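Residue numbers (this note's numbering): 1423 to 1905.
See below:
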């Protein structure tokens, strides 16, 4: 049976069902559409879900479906952006500039994922959504933090048509497996067929391990890049950063340089350049991302320049319509009530600089103890209430470690009011928007607020129909501590 609500999210309809759980299209308290993925009962006690959330938060939101909220209490769920548009699997073949944009955007996404120390493990056409603002990589259902152990028993983790030889063999898998998968997906995008053809599972696996990929129909400019990524030996494959260099026609760093140094230019590049790459498919954005000096690549052109891997624009990709979701699943761990609660005061916001500067995130997305009624949050100026506010208190919920809170801490505001009221959250002096709620609504500062370990001064302020302010200071532990 389809639930009416999952936490504060009103369910619209199911979007899909997989081995881990069910994905729903839902409406957030502020009215925007989101994708909510719930996990099956068998996953509810698996603390890998919590680790997946920590890993997902480390991924910069470049060309991926961003994680918005998550709950580790009861039946766990994870909330991501909803990307309206078909998957690459549904849209099929791409040509010219469309293929170029797709290649750069997906390579950018995987580079950001690897930067966070995560391996996707199941990159395939169905996990690339063609949204209005460009391609987005989704579904970290079997992504694991780099270095984490993965047990493969009777089943293969991934999609064989796009899996690296070491992955189908059950060997240790790292970012190089995603590089192999990216190349396979680009072959599909360019030709409409997986790189090792179609057939039974044993046939495909045998070709992946011992056969040669089918690259005849891949554009000349893209073919050598893809061929290098499909090397059977993961040690000989380029990094995703190197792939980006090749796509924009720049010169990758020397292969003999230490891996950390070779990746550094991508790590120090501007976030805006990455965003431009995803939205507009501009190759100059990728060049800025890679930190190349003295090398300039313009926006997609109609011909490939000498020495450049820019793809010729030979046509448009077929039009495609449809809707897809953007969930990124993970694993679970049931949160417990805090063993101690920080002192709650009535002081105003501190004027000093924050120890930790979290970025803006949704201010109305609770992550534990869902109730059947959503928060009536709005971004607009709230209307005057018809009654007063009798009391306001703050209630942290999470796991208290030695001197700090685990990063899945949520802070609830218990407001007793006789009518609608306007409120806002401030974190280290930064406002999280102005909202409106009704008596009985759940008002929460979700755990997605904490972007890194450190001290956070949290202020909750009711400003209509009367003015009330409460504050609390919390210390967030290092991510991953306590699992």
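Glycine residues also receive a C-beta, built at the ideal position from the N, C-alpha and C atoms. All values reported here derive from a predicted model rather than from experimental measurement.
Length of the line joining the Cα atoms of residue i and residue j
i: residue 1642; j: residue 1521; result: 13 angstroms
i: residue 1650; j: residue 1627; result: 19 angstroms
i: residue 1653; j: residue 1882; result: 55 angstroms
i: residue 1897; j: residue 1590; result: 43 angstroms
i: residue 1907; j: residue 1461; result: Nothing in the structure corresponds to residue 1907, since the chain is present only between 1423 and 1905.
i: residue 1496; j: residue 1530; result: 35 angstroms
i: residue 1558; j: residue 1528; result: 7 angstroms
i: residue 1551; j: residue 1851; result: 36 angstroms
i: residue 1877; j: residue 1830; result: 14 angstroms
i: residue 1584; j: residue 1671; result: 25 angstroms
i: residue 1890; j: residue 1857; result: 15 angstroms
i: residue 1428; j: residue 1644; result: 44 angstroms
i: residue 1540; j: residue 1595; result: 11 angstroms
i: residue 1875; j: residue 1646; result: 43 angstroms
i: residue 1630; j: residue 1656; result: 13 angstroms
i: residue 1901; j: residue 1450; result: 26 angstroms
i: residue 1426; j: residue 1448; result: 9 angstroms
i: residue 1542; j: residue 1604; result: 11 angstroms
i: residue 1640; j: residue 1613; result: 7 angstroms
i: residue 1826; j: residue 1498; result: 23 angstroms
i: residue 1606; j: residue 1519; result: 19 angstroms
i: residue 1439; j: residue 1500; result: 14 angstroms
i: residue 1828; j: residue 1488; result: 21 angstroms
i: residue 1433; j: residue 1660; result: 43 angstroms
i: residue 1842; j: residue 1810; result: 9 angstroms
i: residue 1490; j: residue 1635; result: 38 angstroms
i: residue 1431; j: residue 1445; result: 13 angstroms
i: residue 1832; j: residue 1452; result: 18 angstroms
i: residue 1494; j: residue 1535; result: 23 angstroms
i: residue 1481; j: residue 1623; result: 32 angstroms
i: residue 1587; j: residue 1479; result: 29 angstroms
i: residue 1871; j: residue 1511; result: 34 angstroms
Simplified DSSP state of residue i, which is helix, strand or coil
i: residue 1860; result: coil
i: residue 1436; result: strand
i: residue 1504; result: coil
i: residue 1518; result: helix
i: residue 1891; result: strand
i: residue 1604; result: helix
i: residue 1591; result: coil
i: residue 1555; result: coil
i: residue 1667; result: helix
i: residue 1636; result: coil
i: residue 1829; result: coil
i: residue 1886; result: strand
i: residue 1425; result: coil
i: residue 1622; result: coil
i: residue 1853; result: strand
i: residue 1901; result: coil
i: residue 1609; result: helix
i: residue 1876; result: strand
i: residue 1486; result: strand
i: residue 1532; result: helix
i: residue 1524; result: helix
i: residue 1661; result: coil
i: residue 1650; result: helix
i: residue 1448; result: strand
i: residue 1617; result: coil
i: residue 1538; result: coil
Member of the options whose CA lies at the smallest distance from the CA of residue i
i: residue 1533; options: 1515, 1657 and 1483; result: 1483
i: residue 1537; options: 1550, 1598 and 1593; result: 1598
i: residue 1437; options: 1451, 1455, 1430 and 1429; result: 1455
i: residue 1486; options: 1827, 1668, 1555 and 1877; result: 1555
i: residue 1880; options: 1439, 1895 and 1582; result: 1895
i: residue 1617; options: 1839, 1816 and 1637; result: 1637
i: residue 1847; options: 1860, 1432, 1901 and 1866; result: 1866
i: residue 1561; options: 1838, 1835 and 1458; result: 1458
i: residue 1508; options: 1548, 1494 and 1543; result: 1548
i: residue 1834; options: 1826, 1863, 1524 and 1586; result: 1863
i: residue 1664; options: 1593, 1606, 1615 and 1526; result: 1526
i: residue 1893; options: 1624, 1439 and 1817; result: 1817
i: residue 1553; options: 1871, 1524 and 1662; result: 1524
i: residue 1669; options: 1659, 1648 and 1658; result: 1648
i: residue 1873; options: 1586, 1861, 1476 and 1435; result: 1476
Whole-angstrom C-beta distance between residue j and residue i, which should lie under 8 angstroms
i: residue 1814; j: residue 1837; result: 5 angstroms
i: residue 1667; j: residue 1600; result: About 17 angstroms separates the two Cβ atoms, so there is no contact after all.
i: residue 1845; j: residue 1860; result: That belief does not hold up - the Cβ atoms of residue 1845 and residue 1860 are roughly 11 angstroms apart, past 8 angstroms.
Any non-hydrogen atom of the ligand ADP within 8 angstroms of residue i CB
i: residue 1430; result: Ligands displayed in this structure: none; no statement on the ligand ADP is therefore possible.
>> Quick check: the stretch 1820-1827 against the stretch 1880-1895, are at least 3 beta-carbon pairs closer than 8 angstroms?
In response: No, the stretch 1880-1895 is not in contact with the stretch 1820-1827.
>> Using a Cβ distance threshold of 8 angstroms, determine whether the stretch 1495-1506 contacts the stretch 1514-1528, with at least three qualifying pairs required.
In response: Too few Cβ pairs lie closer than 8 angstroms, so no.
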